[in-house]
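To start, the structure under review is shown below, and the notes come after it.
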Amino acid sequence: MDSVLSFLGTLEAGKASLMFLSDKYSNNSGVIKTNHKFVDKVRTALALISKIDNKDAIVRTRVVSGTLKKAMSKYIIMKKQEAEA
């Protein structure tokens, strides 16, 4: 989350309340929780990531939702559709 910190700064990053939900991570996909006022800024910061663990990477936002419950529902549906394809 260094990219978020460098893009937003310490104060704004704190206000964004960014949280990576590690229990919702599998197969290079996961869920990030943030304050609704900072969604666009966090998405921009994540898009600026070019490396993870010194390996080239591209971070894409797949689902945005107002609640964690709805986000998880959309995420599960998306993963099922990917598995079927």
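Numbering (my numbering) for the sequence shown: 680 to 764. Glycine residues also receive a C-beta, built at the ideal position from the N, C-alpha and C atoms.
Comparing alpha carbon positions, the residue from L700, D719, S705, I737 closest to V743 is D719. Only residues of its own chain outside the window of five on either side were considered, and among them H715 have a CB closer than 8 angstroms to the CB of G745, listed in chain order. For V710, the enclosing beta strand (DSSP E) begins and ends at 708 to 712. Shown here, I737 sits in coil according to DSSP, grouped into three states, outside any helix or strand. Exclusion of the five residues before and after G693 leaves no residue of its chain whose Cβ lies closer than 8 angstroms to its Cβ.
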